[in-house]
Amino acid sequence: MQLPTAISVHDIADYLQAQVIMGKHAHITGINEIHKVQHGDLSFVDHPKYYAKALHSAATVVLINTTQVDNPQQKTLLYSQAPFNDYNKLVSKYSPLENTFMPSVRSQTARIGENTQIMAGAVIGEQVRIGKNCLIYPNVVIYNNTEIGDNVVIHANSVIGADAYYFQKQGEKGYVKMRTCGRVLIHDNVEIGAACTIDKGVSGDTIIGEGTKLDNQVHIGHGVVIGKHCLLAAQVGVAGKTHIGNHVILWGQVGVSKSLYIGDGAVVYAQSGVPKSIAGGKTYFGSPVQEARAKMKEMAIIKHLPKIWNKLKRL
Amino acid sequence: MQLPTAISVHDIADYLQAQVIMGKHAHITGINEIHKVQHGDLSFVDHPKYYAKALHSAATVVLINTTQVDNPQQKTLLYSQAPFNDYNKLVSKYSPLENTFMPSVRSQTARIGENTQIMAGAVIGEQVRIGKNCLIYPNVVIYNNTEIGDNVVIHANSVIGADAYYFQKQGEKGYVKMRTCGRVLIHDNVEIGAACTIDKGVSGDTIIGEGTKLDNQVHIGHGVVIGKHCLLAAQVGVAGKTHIGNHVILWGQVGVSKSLYIGDGAVVYAQSGVPKSIAGGKTYFGSPVQEARAKMKEMAIIKHLPKIWNKLKRL
Amino acid sequence: MQLPTAISVHDIADYLQAQVIMGKHAHITGINEIHKVQHGDLSFVDHPKYYAKALHSAATVVLINTTQVDNPQQKTLLYSQAPFNDYNKLVSKYSPLENTFMPSVRSQTARIGENTQIMAGAVIGEQVRIGKNCLIYPNVVIYNNTEIGDNVVIHANSVIGADAYYFQKQGEKGYVKMRTCGRVLIHDNVEIGAACTIDKGVSGDTIIGEGTKLDNQVHIGHGVVIGKHCLLAAQVGVAGKTHIGNHVILWGQVGVSKSLYIGDGAVVYAQSGVPKSIAGGKTYFGSPVQEARAKMKEMAIIKHLPKIWNKLKRL
């Protein structure tokens, strides 16, 4: 980001309670992470492996967690014990939140915690509870009876608590829907991207565990239970009643079938399909998934097929 | 769901016109389906195969379609000819609809049938017609000229009738869009999940047939025609002008290419890709799809490839 | 589309400054493209390959770019140098825009160009700039600092500029989010479908190049740069920091991994997965992708596997 006006390095050091340890520049004109940095920018580095890259980048000022480095370009260095967190503090200070100036739509029975912001066009149903310090972005829809913890972020146009996709075939009448009366429970520190959909349980609860982060356009079916600190990348879909452990990572466009278990710490590569339960602590790939190494080996052998085929024709 | 107060079994029997046939419990404190049931709950069972499971579950009261069962735990049984439907009636009674207290946005030329609820933030375009007993959830957008039958449900943030994705390349100007003037027609008893998108036809109509059910995040391209009583699971995409017959099932994340035909009763497993027309009455899998049995066989043989490869190297 | 009243061919010729070259019909009652045409309709044809099809279709009036054709059914022909564009003009005249009668939600710092329409329920953040002649459909959410050029169309419920999906694992605290301060820049003549999500850059910009067209439910990650005149079909996902060249085509449900390059003019078939950079000017298929011809060959050989297996067992 470019700053509206140049800001003095000493003001920044004061704000962060960081120490100016060396360098010649007195002002910054922007804040950027290391891949996008320009002259005039403040950036940060927090791992010795990347010190040299940061100190040879275009950055003018670098937040760094050491005082012992070679600084050939005489960049201005600010010593910080936690450069990542201090960088975040600065960005928060100079990058205000989305607009909250328009009323949202709340039921009279909804209870909203302190310091939670419900933005324009969001619709909050009956008996919904939302904790403290949450950000509910514009046009989010939260159906009746949903419970949301503290420090939860839900990006624009996501839908929390729509009905289960659950029907019974009744002869000539076709599919008759089972009325949904469960809830969605979202625990503390969860972040949900834009245009996600999380259905309520048929009669029990759909649960997103503490600290879990969903990217955009993720679909979570009815009654799914997801553990703590999981990552679900964009366009992942999880069908009804599946249980996902803690620290699980599902990369983009993964599909998970219904009523199965994924063990703690499992990692599933992009576009894979999970039709059966899989054990924790391993890495998976393919549709249907196998352990990634086995799948990779299979793919390598398939590359030999033309040779195999030619050899066989000669036999 | 938990009930706000305990409710007497006799009140429930009266409401459902069901008969209390045996058992010792006089009240329920919750309503749940069999996989989530707790002590105090009413549940239901409607197939002899599951009678024992229901009667050994934690349920306190069971809606059941027989009077001739072993009931060792002396659960209270309520006889019903249609337990599924009676369970739905109860859930509807105790689980009110989403909020409808805020005005939606309707064009002056839209015509809305009796008992249809248009919820907060929904936007209804010019010349739209919506039948009776429909539920249009918050922030749904219905573009001009869309026609919707009776008993249709559209969940939050779905978009009905956006423009066809249809361009002509015109040299240096790049892609020029063909102006869309068709409509979307949604027949009676259709249900559409949250965050779905159904485009209008380029000049003809996109049609969703009677009783068809779409899960969340389904995309239907311009001019697609879908028959009666189909199921399209979450994140399915169907490209423009494809025709899908009656009673077709597409599981999650299936992709269907443009301008092809899927016959009546076809079933396509999750994540499959359909690049060409496929006959009805069969089950398919893979990307590109094959008949599921052939695909499964192929996958089993691929598992032998390391052995084949080793054997060949020795020849 | 059906017209509300019959319209005289001469009025149409006047409006388009087209010349009536032959035929017996004096009025049209509808406008349709060639695949959907009915008696009474005007349609168009602009390529000699399709002249016969148009002239044997049910159309009553045909916009055509030749005066030298066989016209056995004595259809009324209107000569036009650009039948596609003239057809579009007619549809625009008789098919009005979606409703714009309800106020949207705009920040006081947003700047909106001439003749741009922001429709009901759209939310426009702080410091947003939108150029001239844009259509922002209902319930679109545009986050702070987004910049949009001229002649841009964004369909309903899309979200432009939500936060990057970018976290750092910090021991027991779990994932800590990197605050996003980049922007989204959308250049002239871009069209974005319904329910798309385009995230802002972490500190740099996400860029959609001139004339590029996105279908519905497309996800674009943080800091992605897309060139000019690309087509991204429905449900495509592109992960963070990837660069896509000019004239690239990604068909439906393609997934592209992060931080890679796709060369100019590359075409990737539906449901493919792109895990590494790929060169321009070629066509790709598979997950992971290979050149389409190589992949097709591999798939053909896999079909021989049962034979290979049987042959080997006999050796």
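Protein chains in written order, with this note's numbering: chain P, 2 to 316; chain H, 2 to 316; chain U, 2 to 316.
Note that beta-carbon positions come from the ideal geometry of N, C-alpha and C, so glycine has one too.
Please list, in chain order, the chain H residues whose beta carbon lies closer than 9 Å to that of residue i.
i: M120 (chain P); result: By Cβ distance, chain H contributes nothing, its closest Cβ being about 13 Å from M120 (chain P), past 9 Å.
How many whole angstroms separate the CB atoms of residue i and residue j, which I take to be in contact at a CB cut-off of 8 Å?
i: D206 (chain U); j: L186 (chain U); result: 5 Å
i: Q105 (chain P); j: A121 (chain P); result: Looking at the sequence itself, residue 105 (chain P) is Ser, so the reference to Gln does not match. Right, their Cβ atoms sit about 6 Å apart.
i: N217 (chain H); j: T198 (chain P); result: 4 Å
i: A163 (chain H); j: H156 (chain U); result: 4 Å
i: A325 (chain U); j: G253 (chain U); result: Shown here, chain U extends from 2 to 316; a query on residue 325 (chain U) therefore has no answer.
With a cut-off of 8 Å, does the C-beta of residue i fall near any C-beta of chain H?
i: D216 (chain P); result: no
i: H305 (chain P); result: yes
i: I8 (chain P); result: no
i: Y270 (chain P); result: no
i: H220 (chain P); result: yes
i: A53 (chain P); result: no
i: K296 (chain U); result: no
i: S288 (chain P); result: yes
i: I302 (chain P); result: yes
Could you list which residues in chain P have their beta carbon closer than 7 Å to that of residue i, in chain order?
i: V92 (chain H); result: R180 and C182
i: M2 (chain H); result: C182, G183 and S204
i: A195 (chain H); result: V160, A163 and T198
i: L251 (chain H); result: By Cβ distance, chain P contributes nothing, its closest Cβ being about 13 Å from L251 (chain H), past 7 Å.
i: E192 (chain H); result: K178
i: I32 (chain H); result: C182 and S204
At a CB-CB cut-off below 9 Å, which residues of chain P make contact with residue i?
i: F319 (chain H); result: Here chain H comprises residues numbered 2 to 316, so residue 319 (chain H) is not present and cannot be evaluated.
i: Y166 (chain U); result: E192, G194, K214, L215, D216, N217, L232, A234 and A235
i: I309 (chain U); result: L306, I309, W310 and L313
Provide the residue(s) that pair with residue i in DSSP beta bridges, ordered along the chain.
i: R112 (chain P); result: P:R130
i: Y80 (chain P); result: P:Q20 and P:I65
i: I161 (chain P); result: P:I143 and P:I199
i: E34 (chain P); result: Answer is none; E34 (chain P) lacks a bridge partner.
i: H220 (chain P); result: P:T198 and P:G238
i: K25 (chain U); result: Per DSSP, none; premise fails for K25 (chain U).
i: D12 (chain P); result: Answer is none; D12 (chain P) lacks a bridge partner.
i: S44 (chain P); result: P:V63
i: Y262 (chain H); result: H:H244
i: V275 (chain H); result: H:V257
i: F286 (chain U); result: U:Q291
i: K214 (chain P); result: P:E192 and P:L232
Name the residue from the options whose alpha carbon lies nearest to the alpha carbon of residue i.
i: G228 (chain H); options: H:S260, H:K25, H:A195 and H:G264; result: H:G264
i: G194 (chain U); options: U:I161, U:K201, U:L43 and U:H244; result: U:I161
i: E115 (chain U); options: U:K133, U:A83, U:A165 and U:V129; result: U:K133
i: L17 (chain H); options: H:F45, H:V62 and H:S81; result: H:S81
i: H220 (chain H); options: H:H248, H:G256 and H:E192; result: H:G256
i: T213 (chain U); options: H:G183, H:E211, H:V226 and H:Q169; result: H:Q169
i: N32 (chain U); options: H:A235, H:H26 and H:C182; result: Checking the sequence shown, residue 32 (chain U) turns out to be Ile, not Asn. The residue with the shortest Cα to Cα distance from I32 (chain U) is H:C182.
i: T243 (chain U); options: U:A123, U:N86, U:I209 and U:Q236; result: U:I209
i: A19 (chain P); options: P:T77, P:V226 and P:Y285; result: P:T77
i: F85 (chain H); options: H:I119, H:V225, H:V203 and H:S44; result: H:S44
i: I119 (chain P); options: P:L136, P:G126 and P:Q128; result: P:L136
i: H28 (chain P); options: P:V249, P:P49 and P:P5; result: P:P5
Of all Cβ atoms in chain P, is any one closer than 8 Å to the Cβ of residue i?
i: E148 (chain H); result: no
i: I155 (chain U); result: no
i: G126 (chain H); result: no
i: H244 (chain U); result: no
i: H230 (chain H); result: yes
How about residue i: is its C-beta nearer than 8 Å to some C-beta of chain A?
i: E292 (chain U); result: No chain A appears in this structure, whose protein chains are P, H and U.
Nearest chain U C-beta to residue i closer than 8 Å, yes or no?
i: Y138 (chain P); result: yes
i: L17 (chain P); result: no
i: Y262 (chain H); result: no
i: S96 (chain P); result: yes
Who are the neighbours of residue i on chain H, taking C-beta pairs under 8 Å?
i: V226 (chain P); result: Here the premise fails: no neighbours, minimum Cβ distance about 11 Å.
Using the beta-carbon of each residue, which ones in chain U are nearer than 7 Å to residue i?
i: K312 (chain H); result: L313
Starting from residue i, find everything on chain H with Cβ-Cβ shorter than 7 Å and list it in chain order.
i: G212 (chain U); result: G175 and Y176
i: Q254 (chain U); result: G238 and G256
What in chain P is Cβ-close to residue i, meaning under 8 Å?
i: N89 (chain H); result: V177, K178, M179 and R180
Mind listing the chain U neighbours of residue i? Cutoff is C-beta to C-beta under 9 Å, in chain order.
i: K37 (chain P); result: G183, G202, V203, S204, G205, D206 and G224
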